[in-house]
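Protein chains in written order, with this note's numbering: chain A, 485 to 978; chain B, 485 to 978.
Protein chains: 2
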Amino acid sequence: MTMAKELKELTSQDENYSQWYQDLVVKADLAENSAVRGCMVIKPYGYAIWEKMQRILDDKFKETGHHNAYFPLLIPKSFLSREADHVEGFAKECAVVTHYRLKNDPEGSGVIVDPAARLEEELIIRPTSETIIWNTYKNWIQSYRDLPLLINQWANVMRWEMRTRLFLRTAEFLWQEGHTAHATREEAEVEARKMQNVYADFAENYMAMPVIKGVKTESERFAGAVDTYTIEAMMQDGKALQAGTSHFLGQNFGKAFDVTFIDKEGKTDYAWATSWGVSTRLIGALIMSHSDNNGLVLPPHLAPIQVVIVPIYRSAGQLAQISEKVDKIITGLKASGISVIYDDRDTKKPGWKFAEYELKGVPVRLAMGGRDLENNTIEVMRRDTLEKETVTCEGIEAHVKNLLEEIQRNIFRKALEHREKHTVKVDTYDQFKEKLEEGNFILAHWDGTPETEERIKNETKATIRCIPFDDATPGQCMVTGKPSAQRVLFARAY
Amino acid sequence: MTMAKELKELTSQDENYSQWYQDLVVKADLAENSAVRGCMVIKPYGYAIWEKMQRILDDKFKETGHHNAYFPLLIPKSFLSREADHVEGFAKECAVVTHYRLKNDPEGSGVIVDPAARLEEELIIRPTSETIIWNTYKNWIQSYRDLPLLINQWANVMRWEMRTRLFLRTAEFLWQEGHTAHATREEAEVEARKMQNVYADFAENYMAMPVIKGVKTESERFAGAVDTYTIEAMMQDGKALQAGTSHFLGQNFGKAFDVTFIDKEGKTDYAWATSWGVSTRLIGALIMSHSDNNGLVLPPHLAPIQVVIVPIYRSAGQLAQISEKVDKIITGLKASGISVIYDDRDTKKPGWKFAEYELKGVPVRLAMGGRDLENNTIEVMRRDTLEKETVTCEGIEAHVKNLLEEIQRNIFRKALEHREKHTVKVDTYDQFKEKLEEGNFILAHWDGTPETEERIKNETKATIRCIPFDDATPGQCMVTGKPSAQRVLFARAY
């Protein structure tokens, strides 16, 4: 079996989309399952994408006035119970630390938990940090002058999920969690919406992934939130992926952790809260937005390698000539802020390299051979369409720079067209079931009750992804015929 | 009590150095103890220093060919036992996860650990990641072509320390851990030494903290290492702080996790390993290298805020005039890559602000008042010496830029002079005890046995910090009179 063949052995999307995804994550060297159930190893190439995401998001958080900080990994069990909905939402999937020491096994060669080292109170590995953070904020907030408090944390969290999938749902994942405190309800609501917009901007302009902004229904809200704002994206198989959420928490955590402040009029009130987060799950969303049967398609704004150059040569002398020309191109590309690698390894054939960089989703591939040398040209292949063209080396830097932007726009446009094509308005429940089965996003009227929502979920596996912001036309619930304030977005979801 | 007075209420260094440190960490808003024993909250100002450290170190790691990745937080208990010294070193301070679910307490209002959700095998929160990483490397390494494997991870780790101190020794801390695999012993040894040099360069040129490079004795080695290379710094109280270590691990983990590869000759061998790390402990080292009774003294290369500008005004009109001039200065400073803030808050007096920015260690303070307006001048205060001068606004940007570099050099020089003044060579054990008590680093001959090392430690609390590289003059052990290959470095340590 040749390497090139092995690289191509992706399950095709049509055959089994889920298996295609799983294959691709592993074969493109993004991540793999670890020895610990549900926990993944994020490999260098996957982590490089996460680093790019982090850098961009972190800059956006700082531009909007936030500062990073770090809070403990472990949370006293009792903290979780302070907010009733919150404990209900997270208690069932908590990793619990009960002991703080191992000792030699008197009956074997290994180590055992030392029963003498039992903690007085068990500690939970954070599934999210509202409780430990608001317990800390109690000491940081006394007056309206201490507000707003705009903090973000980059961290690992753990939720003991039973069914896990690389990036999409893992027991441990990496994320950022913003936790802000405000003097007024209005200010906290503005903050929650502002961060939803930051996420939407990131999704659309960096991930090239169009999103629908809206608010969650009560049943789909974050445990402890008054309102959960979400951005929802359509994957290539028509399923929805919740790509980021921003919560208006009201005074729930202020009350649970007794965080009060003296306002301008001298009155005492509980602080108002928001929290918001995105995670390594975004890498899964990225993959399922653009990639194909040849491998990853990465948006240029997030690709760790934007351009690869492959020499095609028959002799060492020819390679030297190519390398000399390529060197100048590399210098020019780097000067334009483009990340580029030159793969002149003599252990792999050009065809193998082409397949590898297609698999890895490098947006632009340049190749230079003997004829190019003669003609002062270079072959340019764009990963999104797999189209090739031969262009002159003069001005290649500007050509590539424009092409990268064109690819970024094109894959966004393609994803948007796909979503628009697969988004339908329906008015009857039968039509709903039919269109859902075809893999669509469905805009339908709903009577606003958790009961109807639950019934639809049980009967069709579709959930209300959000109540979109951009629609306010009333109608009648497709299931019960009762009045509906506006259409809501239904889909099956990751 | 005025705020300005409160800010000044640091314990003085002479009175109680340890309390001064503790006070300063809290009052300068770097970190505080959390509700979880031994775990700290790193506050935004402290975290901003860590972010600067991370960015610089990460660039250095990448320049030396390393890639970041991420491995699971949890390690199966049995992995720890695979390497005998390693388990011996870490088993006694492990946080152990035994359950994965909580449930409602049938007899109370809170939640309890669900006894039905007990893990088959307990999981340890990583105290360091050699075991989980080498278990992963087994699948990544087959041939010499897969080597070297140069990986780094930024992560949190946990060691259940009994006596903790903010930054210096905490149950949870943030760090980076490099884990590399190589085809030959020589290459791994070169890597371990290379990373020691990267750390030394960072310590001296960014932290302005002179370090002594050397190798640890057997008793002080990392659990599982063949050799531990270290950089040791002297704190202001004469105690040593181990600021970074780089380990040559031989084939210990290759063997423990059966990581073999086919070499160029077609023979199978175990992979050779290194690991190396620095942690948030460096922030403690930074504080105890330069700060004083007025607060932090931060090296300009790591200060989150390099310059603060304070207006001194009698009227809104005067403030407007000052702000107009300051705006131009800010633009100029920012264009030079200098981070600057303008504190024109009307809720605090200039004196309060001066004290606050001294406490926070901002390297340069500029102040502009009515007379400065008339004369086109500005007052410049440097934090390291507290010296003030009034200079003309023309060319202030270049002046400040040079001053920042001068401060960086000056605090390094001062720390180096301090260390040199307090480093002595002694030849008798009596002299050793006397000089140690005075707070010195001591270079003395030692017979090379763990017994003598242990005796000295028990009798004086001094440990061998390292066997320095730059000395090879033989002599006789100060305790036993037996032959000694070279002087080694003794000190009491953090």
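All C-beta atoms, glycine included, are put in the ideal place defined by N, C-alpha and C.
| query | result |
| --- | --- |
| Report the start-end ranges of each alpha helix (DSSP H) in the region 652-726 of chain B that is 4 residues or longer and not cut off at the edges. | 669-689 |
| For A975 (chain A), go through chain B and note every residue whose CB falls closer than 9 Å to its CB, in chain order. | Chain B residues near A975 (chain A): none, gap ~30 Å exceeds 9 Å. |
| Roughly how many angstroms lie between the CA atoms of F838 (chain A) and I880 (chain B), to the nearest whole one? | 54 Å |
| Is there a Cβ of chain B sitting closer than 8 Å to that of M537 (chain A), yes or no? | no |
| Excluding sequence positions up to five away, which residues of its chain have a Cβ less than 6 Å from the Cβ of S773 (chain B)? | M693, A899 |
| Taking just the CA atoms, how far does A769 (chain A) sit from E673 (chain A)? | 27 Å |
| Mind pulling the beta strand (DSSP E) runs of 3 or more residues that sit fully within the region 499-583 of chain B? | 515-517, 524-526, 558-560, 580-583 |
| Buried or exposed for S730 (chain A), going by 16 or more other Cβ atoms inside 10 Å? | buried |
| How far does the beta strand (DSSP E) with R903 (chain B) in it extend, from its first residue to its last? | Counting along the chain, R903 (chain B) falls outside any beta strand (DSSP E), though it belongs to the alpha helix (DSSP H) covering 880-905. |
| Given that K844 (chain B) touches chain A, what residues does it touch there, using C-beta distances under 9 Å? | Neighbours of K844 (chain B) on chain A: none; closest Cβ ~14 Å, over 9 Å. |
| So, is the C-beta of G594 (chain A) closer than 8 Å to a C-beta in chain B? | yes |
| What does T620 (chain B) reach in chain A if we use C-beta pairs closer than 7 Å? | S518, V525 |
| With DSSP run on the structure shown, which of helix, strand or coil describes T752 (chain B)? | strand |
| Helix, strand or coil for T486 (chain A) per DSSP? | Residue confidence for T486 (chain A) is low, a pLDDT of 40 falling below 50, so the modelled location carries little weight; the figure read from the coordinates is stated next. Coil at T486 (chain A), not helix or strand. |
| For the alpha helix (DSSP H) that contains E922 (chain A), what are its first and last residues? | Premise fails: E922 (chain A) is in no alpha helix (DSSP H) and is neither H nor E. |
| Using the rule of at least 16 other Cβ atoms within 10 Å of the residue's Cβ for burial, across every protein chain shown, is M691 (chain A) buried or exposed? | buried |
| Which residues of chain A have a Cβ atom closer than 9 Å to the Cβ of P599 (chain B), listed in chain order? | Per Cβ cutoff of 9 Å: no residues; P599 (chain B) is ~11 Å from chain A at best. |
| Listing by chain order, which chain B residues have their CB less than 8 Å from the CB of P528 (chain A)? | H551, N552, A553, I635 |
| In angstroms with no decimal places, state the Cα-to-Cα distance between E938 (chain B) and L508 (chain B). | 34 Å |
| For E890 (chain B) and chain A, any beta-carbon pair shorter than 8 Å? | no |
| Within 8 Å of any Cβ in chain B, is that where the Cβ of V824 (chain A) sits? | no |
| Whose C-beta lies closer than 6 Å to the C-beta of A941 (chain A) among residues of the same chain, with five residues either side of it excluded? | This sequence places Lys at residue 941 (chain A); Ala is not what is there. Closer than 6 Å at the Cβ level, and outside the excluded window around K941 (chain A), lie T947. |
| Relative to the alpha-carbon of W618 (chain B), which residue among B:M718, B:T744, B:E921 has its alpha-carbon at the smallest distance? | B:T744 |
| Got a sec? Which residues, its chain only, sit under 8 Å from V908 (chain A) by beta carbon, not counting five neighbours each side? | K919, N924, F925, I926, L927 |
| Count the other CB atoms within 10 Å of the CB of E704 (chain A); is the residue buried (16 or more) or exposed (fewer)? | buried |
| Hey, could you find the ends of the beta strand (DSSP E) T874 (chain A) is sitting in? | 872-876 |
| So which residues of chain B does R585 (chain A) contact, with C-beta pairs closer than 8 Å? | A575, K576, E577, C578, V580, W644 |
| Comparing the C-beta of E606 (chain B) with each C-beta of chain A, is any distance below 8 Å? | yes |
| Quick one: does Y754 (chain B) have its CB under 8 Å from some CB of chain A? | no |
| Run through DSSP, which three-state label would G821 (chain A) get? | coil |
| Less than 8 Å between the beta carbons of S562 (chain A) and E605 (chain A), yes or no? | yes |
| Using three-state DSSP, classify T957 (chain A) as helix, strand or coil. | coil |
| Starting from P934 (chain A), follow the beta strand (DSSP E) in both directions and report where the run begins and ends. | Per DSSP, P934 (chain A) belongs to no beta strand (DSSP E); it is in the alpha helix (DSSP H), 934-944. |
| Counting only Cβ pairs nearer than 8 Å, list the residues of chain B close to E808 (chain A). | In chain order: nothing, as chain B lies at least about 24 Å away. |
| Express the C-alpha separation of W638 (chain B) and D914 (chain B) in angstroms, rounding to a whole number. | 45 Å |
| Does any residue of chain B bring its CB to less than 8 Å from the CB of L770 (chain A)? | no |
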